[in-house]
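In the numbering used here, the protein residues as written are 7 to 182.
A virtual CB, placed ideally from N, CA and C, is assigned to each residue, including glycine.
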Ligand SMILES: Nc1nc2c(ncn2[C@@H]2O[C@H](COP(=O)(O)OP(=O)(O)O)[C@@H](O)[C@H]2O)c(=O)[nH]1
Ligand SMILES: [Mg+2]
């Protein structure tokens, strides 16, 4: 019998409204532990996540723990803490919110300048009309195409494909 392996830790970051909570909820096989509280800034919706969303799943027999981070500037310090020991990072951006891309790039730079963690950008809302394609977003972020993928965060198949892609990147970083 093979001994049980420690869970893989993956972090989901991105601006408010990118689809982080949705992504974790879509993937998690256990009820997502989330802390929602009234936002103190005008972000266009009444509630936003101010702690993190925690979900778990099994991929090919391997336990995966997902940590969705808050998207607001005043919680930046949490990214560094959450990314410690993380195997990979998914940075989500909503494909129909290009006004948030600069913030997303700041988040990515903030994290990758502090922790060496393989990452993938997921462009959500690909099921919607008039969204930026993964190719457009790769150009914007000046990243090779394999680092950017599109998804509908409400679709389990799409969300799982993103995780598998990230795990492939972490296993074969030279092929990117
Ligand atoms: N149609 C569609 N809606 C999405 C997608 N991703 C997120 N949403 C919706 O966008 C809104 C914001 O998503 P949420 O997960 O709360 O974003 P967060 O602030 O990053 O946690 C919610 O109403 C989601 O249902 C997607 O890929 N397609
Ligand atoms: Mg959220």
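Any non-hydrogen atom of ligand 1 within 6 Å of residue i CB
| i | result |
| --- | --- |
| residue 6 | Outside the displayed span of the chain (7 to 182) sits residue 6, for which this structure offers no information. |
| residue 22 | yes |
| residue 158 | yes |
| residue 64 | no |
| residue 102 | no |
| residue 111 | no |
| residue 106 | no |
| residue 148 | no |
| residue 131 | yes |
Proximity test, residue i beta-carbon vs ligand 2 heavy atom, cut-off 6 Å
| i | result |
| --- | --- |
| residue 15 | no |
| residue 27 | yes |
Residues that DSSP places opposite residue i in a beta bridge
| i | result |
| --- | --- |
| residue 18 | 74 and 96 |
| residue 156 | 129 |
| residue 64 | 69 |
| residue 39 | 60 |
Tell me whether the region 88–103 and the region 133–150 touch, counting them as touching only if at least three CB pairs, one residue from each stretch, are closer than 8 Å. yes
For the region 110–126 and the region 82–99, state whether three or more C-beta atom pairs, one from each stretch, are separated by less than 8 Å. yes
Only counting runs of 4 or more residues, tell me where the alpha helix (DSSP H) segments fall wholly within the region 66–145, in order along the chain. For the region 66–145, whole alpha helix (DSSP H) runs of length 4 or above, ordered along the chain, are 82–89 and 107–118.
Under 8 Å, with one C-beta from each stretch per pair, do the region 25–32 and the region 88–95 reach the 3-pair mark? no
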